[in-house]
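In full-length UniProt numbering, the protein residues as written are 1 to 314. A short worksheet on the structure shown next.
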């Protein structure tokens with residue numbers, strides 16, 4: 001099938017990416033209620049990698065695992081940047097800030113990607129720059145509204161997570177990666193999950209199985225199956241079957257879904273200032289996406305499909 005925006009399958013897949021990836025922020029909140037944040041992420045990605053690796057083995061046999069050491073190292077590096085540093089710091093930050101605020105700040109990832117392009121002397125379109133400026137005004141508004149010292153710490157951590165995710169996304173299409181995106185993602189999840197387990201253990205996190213609640217286990221299961229497998233598979237399929245301009249809209253729909261779920265499900269407080277700053281980020285990202293999609297080079301510059309996208313990405 002060509003890149004058809006009218007096919008019902010496109011809208012079903014896009015709906016999955018919109019809702020599931022937007023809901024992973026709340027899922028992380030529930031998972032870390034009784035499971036240490038870094039260990040919960042490590043369990044999530046190691047489990048998802050085992051499932052995805054088993055599916056690859058069943059479908060393609062050992063041929064799917066024939067990659068070079070350079071490709072393996074590149075995928076592992078991206079996994080450490082996206083999942084260990086990116087998703088790991090999101091989980092840490094949600095110990096101090098709401099899931100909705102975390103999602104709004106992570107929505108700045110496309111803006112940081114433009115900044116990285118400028119660092120390597122790529123000159124974005126003038127409207128792209130305008131979108132970056134508008135978006136960062138929103139980021140500044142959310143950051144200055146942290147309030148408590150704990151809130152400020154959470155905001156700083158989530159901004160570092162966004163920068164790390166952006167760097168991993170920026171490097172991914174520019175280094176030698178496995179040709180099969182599912183193989184690349186399996187390695188990324190193994191490396192990212194192992195990194196989270198090592199860091200969690202080093203920082204003194206311990207998993208007390210007797211203290212883990214049923215809600216936390218359900219959240220981890222949801223993040224593995226829905227966030228890391230269903231939504232990711234839908235995203236990969238969309239990249240080959242729908243216009244990139246349509247697929248890219250997840251970047252400014254996910255935070256809206258996350259904020260609404262946080263308000264409705266757990267009663268997270270959303271101030272007028274937070275809504276205004278968040279709206280500026282969404283407008284900035286929308287302007288960047290709409291401008292960049294008209295560029296012939298947009299697909300080479302876009303982040304390659306990876307688990308946890310704002311899952312993030314998550």
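Don't be surprised by glycine CBs; every beta carbon is placed ideally from N, CA and C.
- Under the 8 Å Cβ criterion, the stretch 250-259 counts as touching the stretch 22-29, having at least three qualifying pairs.
- In the three-state reduction of the DSSP assignment, residue 26 falls in the helix class.
- The beta carbon of residue 231 sits closer than 6 Å to those of 16, 17, 20, 21, all from its chain and outside the five residues before and after it, given in chain order.
- Secondary structure of residue 81 (DSSP, three-state): helix.
- The alpha-carbon of residue 136 is positioned some 23 Å away from that of residue 262.
- In this structure residue 68 is exposed. Its beta-carbon is surrounded by fewer than 16 other beta-carbon atoms within 10 angstroms.
- Exclusion of the five residues before and after residue 49 leaves 186, 189, 190, 193 as the residues of its chain whose Cβ lies within less than 7 Å of its Cβ.
- Put simply, the backbone Cα of residue 47 is about 41 Å away from that of residue 130.
- Between residue 162 and residue 112 a beta carbon distance of about 6 Å is seen, short of the 8 Å cut, so the two are scored as contacting.
- An exposed status is given to residue 176, since fewer than 16 other beta-carbon atoms sit within 10 Å of its beta-carbon.
- Per the C-alpha coordinates, the member of 165, 139, 180 positioned closest to residue 284 is 139.
- Within the model, the alpha-carbon separation for residue 13 versus residue 183 is close to 21 Å.
- In terms of Cα proximity to residue 286, the closest of 39, 78, 108, 71 is 108.
- For residue 91, the CB contacts under 6 Å within the same chain, skipping 5 residues up- and downstream, are 28, 32, 37, 41 in chain order.
- Taking C-beta atoms under 8 Å as the contact rule, residue 132 and residue 282 fail to qualify, at a distance of about 14 Å.
- Excluding the 5 residues flanking it on each side, residue 88 has same chain C-beta neighbours closer than 6 Å at 38, 41, 196, in chain order.
- Burial state of residue 126 is exposed, judged by a 10 Å Cβ sphere holding fewer than 16 other Cβ atoms.
- Note on geometry: alpha-carbon atoms of residue 173 and residue 115 lie some 16 Å from one another.
- Measuring C-alpha to C-alpha distances from residue 206 to each of 61, 35, 222 identifies 35 as the nearest.
- Unbroken alpha helix (DSSP H) stretches of 4 residues or longer found wholly inside the stretch 156-217: 181-202, given in chain order.
- Residue 227 and residue 219 have their C-alpha atoms some 10 Å from each other.
- For residue 38, the enclosing alpha helix (DSSP H) begins and ends at 37-60.
- Contact annotation, residue 84 with residue 199: C-beta distance approximately 7 Å; criterion of less than 8 Å satisfied.
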